[in-house]
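Notes for the one structure printed next.
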Amino acid sequence: MRLIVYLSDFGPLANPWFPLRWDMLAVAVFSLGIYAWAQYVAPPSGEIEHLIASVPEEAPEVVLGGAGSGALDLAPEDDGRVVQRQAERRPASGQEA
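Residue 86 is where the sequence shown starts when you use this note's numbering, and the numbers rise one by one after that.
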């Protein structure tokens with residue numbers, strides 16, 4: 086995208102490679118190329134559905150820094166769950182505890 090803008094009327098060139106309106110065509114071709122690449126590297130829909138189904142229904146809810154709650158740390162439990170704990174307040178450098 087940066088190269089397309091540089092080579093268009095919006096770039097610094099006195100004689101742009103992509104005159105007005107042709108730069109839009111260049112962006113469209115670039116976008117279609119990105120879309121085609123994304124379709125090529127995407128996993129099959131069956132694999133995506135399997136990955137979604139493998140997520141536990143009761144995944145832990147993570148809320149960081151809720152209103153007035155202060156800082157929170159995430160800590161792993163022995164059974165693999167991740168829980169929130171109130172973070173210890175540490176003095177800033179140069180301050181006493």
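Note that beta-carbon positions come from the ideal geometry of N, C-alpha and C, so glycine has one too.
- Distance between Gln124 and Arg106 (C-alpha atoms, nearest Å): 28 Å
- Return the chain-ordered list of same chain residues with a C-beta closer than 8 Å to the C-beta of Leu98, the five sequence neighbours on each side being excluded. Tyr91 and Leu92
- Per DSSP, which residues does Phe103 bridge with? Please list them. Ser93
- Message: I need the DSSP call for Ser139, collapsed to helix, strand or coil.
- Response: coil
- Query: Between the C-alpha atoms of Pro128 and Asn100, what's the straight-line distance to the nearest angstrom?
  - Reply: 43 Å
- Message: If contacts are defined as beta-carbon pairs under 8 Å, then Ile137 and Asp108 qualify, I think. What distance do you get, rounded to the angstrom?
- Response: Between Asp108 and Ile137 the Cβ distance is about 39 Å, and since that is not below 8 Å, they are no contact.
- Message: Counting C-beta neighbours from all protein chains within 10 Å, is the total for Phe95 16 or more, i.e. buried, or is it exposed?
- Response: exposed
- Distance, Cα to Cα, Glu134 vs Ala111? 35 Å
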